[in-house]
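The sequence shown begins at 31 in the numbering used here and counts up by one.
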Amino acid sequence: MDNKYTFAQLEKDGIEAIGFFDGRDTKGWIMNTTDFVHYANDSQQVRPVSEGVNVAVRHWSFHRTDDTWLHAVIRFKRAIQFPRFSVKEGDRWGFVVYKKRIDWLKAIESGNRFVFAGGDCLAEDVEILYIGTCDTEYSRTAGHIKNLATSTSPAPRTIVTPTQLSVA
């Protein structure tokens, strides 16, 4: 089945919206002020905006790629058993800095507890190795890639401090 709009057209000219169609909230795009475009059952659906209830402009995607989010790496200083899983001394945890994970970094910096893997983790049990962009340095620090020319334990490196973080 041919699509009326390409995804590039939706991204360029579409207005993100949400509306109530066929008994459920549906995320999509308004095109040409008359068409509501969304994907269902692996195909593009184009409906008149007038068929929807409470159709409103809403920015439901972040239009971000992995390289625009801040990333962080922490290392555990000792072995800890959490309710969901355990970590060994020296284990590293790399993650995208967003919402509750901003709170993790601020708690570590201020020496407070934070919720991790279903339990409380003490700030003194972890150290922040990296906060910055998702690049080769992040991957190396997180242990995803090894570079024989550098040590396997890179020196802590921070591009941004946790107190400078805010939810985007």
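Beta carbons are placed, not taken as given, at the ideal position from N, Cα and C, and that holds for glycine.
Values in this document were obtained by computation on a predicted structure and should not be read as measured data.
- Task: May I have a chain-ordered list of the alpha helix (DSSP H) segments no shorter than 4 residues that lie completely inside the stretch 87 to 144?
- Result: Under the rule that a run must span 4 or more residues, the alpha helix (DSSP H) segments found entirely inside the stretch 87 to 144 read 130 to 140.
- Message: Here's the rule I'm using: 16 or more other beta-carbon atoms within 10 Å means buried, otherwise exposed. How should I161 be labelled?
- Response: I161 sits buried, since 16 or more C-beta atoms from the chains shown fall within 10 Å of its C-beta.
- Whose CA, out of A70, R54, N142 and L159, lies closest to the CA of W123? Across the set A70, R54, N142 and L159, the C-alpha of L159 shows the shortest separation from the C-alpha of W123.
- Item | Close Cβ partners of V127 (< 8 Å) along its chain, the five nearest in sequence each way excluded | So the list reads W99, L100, H101, A102, L135, I161 and L195, once near-sequence residues are dropped.
- Query: Which residues does DSSP pair with E157 in a beta bridge?
  - Reply: According to DSSP, E157 bridges with R105.
- From R108 to K42, what distance separates their C-alpha atoms? Rounded to whole angstroms, R108 to K42 spans 49 Å at the Cα level.
- Might you give, ordered along the chain, the residues of its own chain that have their beta carbon closer than 6 Å to the beta carbon of E157, omitting 5 neighbours on each side? R105.
- Message: Counting beta carbon pairs with one atom in the stretch 111 to 125 and one in the stretch 147 to 156, are three or more of them shorter than 8 Å?
- Response: Yes: the two stretches touch, three or more of their Cβ pairs being nearer than 8 Å.
- Since K42 is in the alpha helix (DSSP H), which residue starts that stretch and which ends it? Note, K42: alpha helix (DSSP H), F37 to D43.
- Query: Around the Cβ of G53, are there at least 16 other Cβ atoms within 10 angstroms (buried) or fewer (exposed)?
  - Reply: The Cβ neighbour count for G53, taken over all protein chains shown within 10 Å, is under 16; the residue is labelled exposed.
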